[in-house]
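The opening residue of the sequence shown carries number 111 in this note's numbering; numbering runs sequentially from there.
We treat Cβ as the ideally placed atom computed from N, Cα and C, and that holds for glycine.
Quantities reported herein were computed from a predicted structural model and do not represent experimental measurements.
Encoded as structure tokens, the structure appears first; notes follow it.
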Amino acid sequence: MKKSLLLIGMLGCIINASAQDLETVKKDRYTLNIINKNDQLKDDLKKDLTDAFFNAYPAFARADGYRTKREVNMEISNDYKGTVSASAGTIQINRKWLKKNPKHLESVLQYQLSRNWVSADTIKKDGYSLVFISKDPNLDLNVKKNLIDTYFKIYPVLVAKFNDKSTRDVLFVVDTAYKAVAEASGGRVLFSAGYMKAHPTDIDVVTHETMHIVQGYGYSAGPVWLTEGIADYVRFKYGVDNVGSKWSLPAFSDKQHYTNSYRITARFFEWIDKTQKAGIVDELDKSLRAHTYNDGSWKALTGKTIDELWAAYAANPVI
Numbered sequence: 111m112k113k114s115l116l117l118i119g120m121l122g123c124i125i126n127a128s129a130q131d132l133e134t135v136k137k138d139r140y141t142l143n144i145i146n147k148n149d150q151l152k153d154d155l156k157k158d159l160t161d162a163f164f165n166a167y168p169a170f171a172r173a174d175g176y177r178t179k180r181e182v183n184m185e186i187s188n189d190y191k192g193t194v195s196a197s198a199g200t201i202q203i204n205r206k207w208l209k210k211n212p213k214h215l216e217s218v219l220q221y222q223l224s225r226n227w228v229s230a231d232t233i234k235k236d237g238y239s240l241v242f243i244s245k246d247p248n249l250d251l252n253v254k255k256n257l258i259d260t261y262f263k264i265y266p267v268l269v270a271k272f273n274d275k276s277t278r279d280v281l282f283v284v285d286t287a288y289k290a291v292a293e294a295s296g297g298r299v300l301f302s303a304g305y306m307k308a309h310p311t312d313i314d315v316v317t318h319e320t321m322h323i324v325q326g327y328g329y330s331a332g333p334v335w336l337t338e339g340i341a342d343y344v345r346f347k348y349g350v351d352n353v354g355s356k357w358s359l360p361a362f363s364d365k366q367h368y369t370n371s372y373r374i375t376a377r378f379f380e381w382i383d384k385t386q387k388a389g390i391v392d393e394l395d396k397s398l399r400a401h402t403y404n405d406g407s408w409k410a411l412t413g414k415t416i417d418e419l420w421a422a423y424a425a426n427p428v429i
């Protein structure tokens, strides 16, 4: 019986020690698990540590991509032989270094997290800001300049035209690990380094992707083909150099459908704008942002259903 009580007591000590070793802090969709292996942290040191993390890691994750881990294990130990190491989801800190350098932790975290960035530039102009991060050591500087110039030329125009509540602070990331063309989310545009190398003149990918930022429809506002069709329509109308990149709307084919998205849908919108309802894209854009779009929106705007419009387009697709 005494042995059982002793064993239970020992287990209780182990459980309590384990509980003291781990502390979880959550803020703005991020979770920090502080794994403290040797002794407890003083409150002021713990505050310095959590402040440094929440100032540094979310900015890194935004640049790194929306798939970047939002839950991070931070291990503080005398056993770690370095000072600080940091990557997506994992941070290690030497306890002795931390106690001597608590105010330097944020800058060291920023440096460690951004080690695979070749460059990071902030450009501001006329109330708009662009942070340009390149992870590609071979990025053509002319391509970089053209992407930046296109942003400052076209993005303010799109904001003024479609949604003046859009963010004025945008992030561009050129990533060697990203294999698609480009994507936009949360004020960030991710570009494929491989695509930009193969298509250096396709600068109006900026027009398409920044229109997605301006759209800001949120989830379940409407079908994806409609969102992408509007973005390519905007590229067709506002693109800086579609000719230079040999980008154009495709000729009509009876194998096409309005749900094919992108350029096919954009050409359909141009036909509707010219022959059925001027300003159709403006109206669709507003309804999607307000979450009032539905299948009946087409008839309300044009007097015809979407399928009736497509049939009329197929019969005479001249634009």
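Asked: Our contact map puts alanine 198 next to threonine 178 with C-beta atoms below 8 Å; I'd like the distance itself, whole angstroms only.; Found: 5 Å
Asked: Can the beta-carbon of proline 360 be found closer than 7 Å to that of arginine 373?; Found: yes
Asked: In angstroms with no decimal places, state the Cα-to-Cα distance between leucine 419 and threonine 375.; Found: 12 Å
Asked: Could you say which of Asn370, Leu300, Thr320 and Asn211 lies nearest to glycine 349 if we only look at CA atoms?; Found: Thr320
Asked: Kindly list the residues whose CB is nearer than 8 Å to the CB of aspartate 131, restricted to its own chain and excluding five residues on each side of it in sequence; keep chain order.; Found: Ile145, Asn146 and Lys147
Asked: Taking C-alpha atoms, which residue in Ser302, His318 and Lys275 lies nearest to threonine 260?; Found: His318
Asked: Locate the alpha helix (DSSP H) running through glutamine 325, then write down its first and last residues.; Found: 315–325
Asked: Between the Cα of alanine 331 and those of Arg139, Ser397, Gly237 and Gln220, spot the shortest distance and give me the residue it belongs to.; Found: Ser397
Asked: When DSSP labels each residue in this structure, what does arginine 205 get in the three-state scheme?; Found: helix
Asked: Should lysine 356 be labelled buried (16 or more other beta-carbon atoms within 10 Å of its own) or exposed?; Found: exposed
Asked: Which runs of the alpha helix (DSSP H) fall wholly inside the region 318–376 and span at least 4 residues, in chain order?; Found: 334–348
Asked: Please classify glutamine 150 as buried or exposed, where buried requires at least 16 other C-beta atoms within 10 Å of its C-beta.; Found: exposed
Asked: Spatial neighbours of arginine 377 within its chain, please: CB distance less than 6 Å, with the 5 preceding and 5 following residues excluded, ordered by chain position.; Found: Leu359
Asked: Assuming isoleucine 203 and asparagine 256 are in contact, meaning their beta carbons sit under 8 Å apart, how far apart are those beta carbons, in whole angstroms?; Found: That belief does not hold up - the Cβ atoms of isoleucine 203 and asparagine 256 are roughly 41 Å apart, past 8 Å.
Asked: Around the Cβ of serine 244, are there at least 16 other Cβ atoms within 10 angstroms (buried) or fewer (exposed)?; Found: buried
Asked: From what residue to what residue does the alpha helix (DSSP H) around isoleucine 144 run?; Found: Counting along the chain, isoleucine 144 falls outside any alpha helix (DSSP H), though it belongs to the beta strand (DSSP E) covering 140–146.
Asked: Touching or not, the region 379–390 and the region 285–302, by the rule of three or more beta carbon pairs under 8 Å?; Found: no
Asked: How many Å lie between threonine 369 and asparagine 426 at the Cα?; Found: 19 Å
Asked: Sort Val228, Val315 and Ser276 by Cα distance to valine 353 and report the nearest one.; Found: Val315
Asked: For threonine 141, count the other beta carbons within 10 Å of its own beta carbon; 16 or more makes it buried, fewer makes it exposed. Which is it?; Found: exposed
Asked: Should the region 245–255 be regarded as contacting the region 264–275, the criterion being three or more beta carbon pairs within less than 8 Å?; Found: no
Asked: Indicate whether glycine 339 and serine 363 have their beta-carbon atoms separated by less than 7 Å.; Found: no
Asked: Expressed to the nearest angstrom, what Euclidean distance is found between the alpha-carbon atoms of aspartate 279 and glutamate 216?; Found: 22 Å
Asked: Report the residue from Ile258, Thr134, Trp408 and Leu336 whose alpha carbon sits nearest the alpha carbon of glutamate 181.; Found: Thr134
Asked: Cutting at 6 Å between CB atoms, please list the residues of its own chain near alanine 127, excluding the five before and the five after it.; Found: For alanine 127, the pLDDT reaches just 40, beneath the cut-off of 50, and the residue's location in the model is therefore unreliable, although a value from the coordinates is still provided. Result list for alanine 127: empty, nothing under 6 Å.
Asked: Tell me whether the beta-carbon of phenylalanine 272 lies closer than 7 Å to the beta-carbon of aspartate 395.; Found: yes
Asked: Can you tell me whether aspartate 231 is buried or exposed, with buried defined as 16 or more other CB within 10 angstroms of its CB?; Found: exposed
Asked: Just the Cα atoms here: how many angstroms apart are histidine 403 and serine 295?; Found: Correcting the residue identity first, residue 403 is tyrosine in this sequence and not histidine. For tyrosine 403 and serine 295, the distance between alpha carbons rounds to 21 Å.
Asked: Looking at the unbroken alpha helix (DSSP H) that takes in aspartate 417, where does it start and where does it end?; Found: 416–425
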